[in-house]
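>
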Amino acid sequence: MSFRNIIGQEGAIRILQSAIRNNRLSHAYLFVGPDGVGKRLTAKTLVKALNCQSPTFAKVGDDSCDECRNCIRINLSEYPDVKIVEPVGNSIKIEEMRKIRREASFKPLEGRKKVYIILEASAMTQPAANSLLKTLEEPQGEMLFILTTSNIHGLLPTIISRCQLVRFKPLSTKVIAGLLIKKEGITKDEAYMASNLSEGSLGKALRIANSEKKELRNRVIDLIAKTFLKDMEEIFQTAREFTQDRDQIPFILSILSSWYRDLLVFKESEGFASLVNIDKKEGIAKEVEKYSKEEIEEVLSLILRTIDYIKRNVNPQLAIETLLLKIGEIND
3 MSFRNIIGQE GAIRILQSAI RNNRLSHAYL FVGPDGVGKR LTAKTLVKAL NCQSPTFAKV
63 GDDSCDECRN CIRINLSEYP DVKIVEPVGN SIKIEEMRKI RREASFKPLE GRKKVYIILE
123 ASAMTQPAAN SLLKTLEEPQ GEMLFILTTS NIHGLLPTII SRCQLVRFKP LSTKVIAGLL
183 IKKEGITKDE AYMASNLSEG SLGKALRIAN SEKKELRNRV IDLIAKTFLK DMEEIFQTAR
243 EFTQDRDQIP FILSILSSWY RDLLVFKESE GFASLVNIDK KEGIAKEVEK YSKEEIEEVL
303 SLILRTIDYI KRNVNPQLAI ETLLLKIGEI ND
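For what it's worth, our numbering labels the leading residue of the sequence shown as 3, then goes sequentially.
1) Along the chain, where does the alpha helix (DSSP H) containing L18 start, and where does it finish?
2) For a quick check, are the C-beta atoms of T160 and L135 less than 8 Å apart?
3) Would you kindly report the start and end of the unbroken alpha helix (DSSP H) that includes Q319?
4) Mind listing, in chain order, the continuous beta strand (DSSP E) runs of no fewer than 3 residues lying wholly within the segment 133-183?
5) Along the beta strand (DSSP E) that carries K116, what are the first and last residues, could you check?
6) Straight-line CA distance for I119 to L304?
7) So what does DSSP say about D83, is it helix, strand or coil?
8) DSSP on F274, reduced to helix/strand/coil?
9) Just how far apart, CA to CA, sit E192 and R219?
10) Buried or exposed: which applies to L320, given that a residue is buried once 16 or more other Cβ atoms fall within 10 Å of its Cβ?
11) Taking 8 Å as the threshold (beta carbon to beta carbon), is T127 in contact with chain D?
12) Considering A30, what are the terminal residues of the alpha helix (DSSP H) in which it resides?
13) According to DSSP, is D65 helix, strand or coil?
14) Counting C-beta neighbours from all protein chains within 10 Å, is the total for Q142 16 or more, i.e. buried, or is it exposed?
15) If distances are taken between C-alpha atoms only, which option among R263, K215 and T127 comes closest to I250?
16) On the criterion of 16 or more Cβ atoms from any shown chain inside 10 Å, does N92 qualify as buried, or is it exposed?
17) Taking its Cβ as the centre, do 16 or more other Cβ atoms sit within 10 Å of T150, making it buried, or is it exposed?
18) Among the residues of its own chain, which have a CB less than 8 Å from the CB of S79, if the five just before and after it don't count?
19) Considering only their Cβ atoms, is the gap separating P252 from S152 smaller than 8 Å?
20) Roughly how many angstroms separate the alpha carbons of Q19 and S66, rounded to a whole number?
21) With distances taken Cα to Cα, identify the nearest neighbour of I148 among Q128, K313, K41 and G187.
22) Does the segment 268-285 come close enough to the segment 235-249 that 3 or more CB-CB pairs lie under 8 Å?
23) Please report the Cβ distance between P89 and E144, rounded to the nearest whole angstrom; I am assuming they are in contact, meaning their Cβ atoms lie under 8 Å.
24) I'd like the list of long-range same chain contacts for S28, defined as Cβ closer than 6 Å, with 5 residues on each side in sequence excluded.
25) Mind reading off the beta-carbon distance from T324 to L255? Whole number of angstroms is fine, and I expect it under 8 Å.
26) Leaving out five residues on either side along the sequence, give the residues of the same chain with a beta carbon under 6 Å from the beta carbon of E201.
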């Protein structure tokens with residue numbers, strides 16, 4: 003992958019290519035943006051552009067060939083002057099930063115610079131962040147740091163101030179859907195559904211489009227019908243199953259929210275163009291008859307309240323069971 007192949011991040015690419023072309027690279031960059039929009043890919047692409055044996059000059063600036071020995075080794079994470087640090091579990095510990103400080107005095111083995119790519123830098127523990135800060139304050143030799151994060155507020159302000167900020171924006175629905183259709187071979191409706199739910203993240207859209215996530219989504223939508231039918235035993239059983247994996251709870255609530263949002267949109271416009279769950283348009287057209295506009299708005303309010311409760315560490319199974327019961331009561 004070269005700069006010219008990265009889609010949807012033209013602003014970020016322009017900044018980096020200009021720095022390469024004018025030989026004005028910062029010693030530290032901070033890539034900020036949602037998960038799954040190309041921060042890691044762009045970091046490795048920048049490193050390839052710096053070390054490519056057959057660099058090209060495109061209309062917009064310097065780029066790599068993506069085919070030479072150096073580019074291939076960087077793609078495979080085998081290039082000796084590039085180290086990628088990422089969270090182990092949920093954190094990056096001080097040992098990783100101490101290792102970087104020890105290596106700081108050594109010259110690059112092959113490349114122009116020793117490069118450290120720190121993924122999700124906001125996962126650094128406080129001691130790790132303090133250690134990195136010392137390195138950034140006292141850069142030694144030919145070093146380049148590339149930090150990425152989806153949560154800039156999780157970083158020390160002093161670290162942020164010592165990096166050049168490069169912002170990555172959410173990808174457009176159209177761009178993500180086009181990539182899914184081309185690379186995953188799914189239908190247009192499925193692609194737009196995944197894209198609409200992805201919040202501009204190609205990575206999230208790919209996860210939604212996979213068979214496991216699609217099955218979970220279908221189960222959530224089926225559960226909505228059972229809520230209306232007051233099948234309480236199955237509701238409680240399904241709620242227990244859904245909350246066994248805490249990581250999937252936000253996805254489940256986002257499906258519920260998107261479904262009722264679609265009902266509201268369809269009730270007001272009677273059109274399909276703006277639906278998130280476009281692949282379920284027939285079901286939406288049928289389901290919308292069961293609710294008034296005010297009832298749909300009340301359900302959406304309940305869902306938002308449930309999301310807030312779970313963020314405040316209310317028992318998620320209890321919160322979701324209560325939500326489903328209240329949805330059932332609304333239509334009595």
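Even glycine gets a Cβ: it sits at the ideal position worked out from N, Cα and C.
So, from the listed chains and residues:
1) Segment E12 to R23, the alpha helix (DSSP H) holding L18.
2) When the beta-carbon positions are compared, T160 and L135 come within less than 8 Å of each other.
3) P318 to I332 is the extent of the alpha helix (DSSP H) around Q319.
4) Within the segment 133-183, the beta strand (DSSP E) runs of at least 3 residues that lie entirely inside it are, in chain order, 145-151 and 166-169.
5) Segment K116 to I120, the beta strand (DSSP E) holding K116.
6) Roughly 42 Å between the two C-alpha positions.
7) Correct three-state label for D83: coil.
8) Under the three-state reduction of DSSP, F274 is assigned to coil, being neither helix nor strand.
9) E192 and R219 have their C-alpha atoms some 12 Å from each other.
10) With a 10 Å radius around the Cβ and a threshold of 16 neighbouring Cβ atoms, L320 comes out exposed.
11) No chain D appears in the structure shown, which is made up of a single protein chain.
12) Taken as a continuous stretch (DSSP letters only), A30 belongs to no alpha helix (DSSP H), being part of the beta strand (DSSP E) at A30 to V34.
13) Correct three-state label for D65: strand.
14) Answer is exposed; the Cβ neighbour count stays below 16.
15) Note on residue identity: the sequence assigns Gln, not Ile, to residue 250. Out of R263, K215 and T127, the CA that lies nearest to the CA of Q250 is found in K215.
16) Classification for N92: exposed.
17) Using a 10 angstroms sphere on the CB of T150, the tally of other CB atoms reaches 16 or more, which defines it as buried.
18) So the list reads I86, once near-sequence residues are dropped.
19) Judged by their CB atoms, S152 and P252 are not nearer to each other than the 8 Å cut-off.
20) Answer to the nearest angstrom: the Cα atoms are 11 Å apart.
21) Out of Q128, K313, K41 and G187, K41 has the C-alpha closest to the C-alpha of I148.
22) Under the Cβ criterion (8 Å, minimum of three pairs), the segment 235-249 does not count as touching the segment 268-285.
23) With 8 Å as the limit, P89 and E144 do not qualify as a contact, their Cβ atoms being about 27 Å apart.
24) Excluding sequence neighbours, S28 sits near Q166.
25) 13 Å between Cβ atoms; not a contact.
26) There are no such residues.
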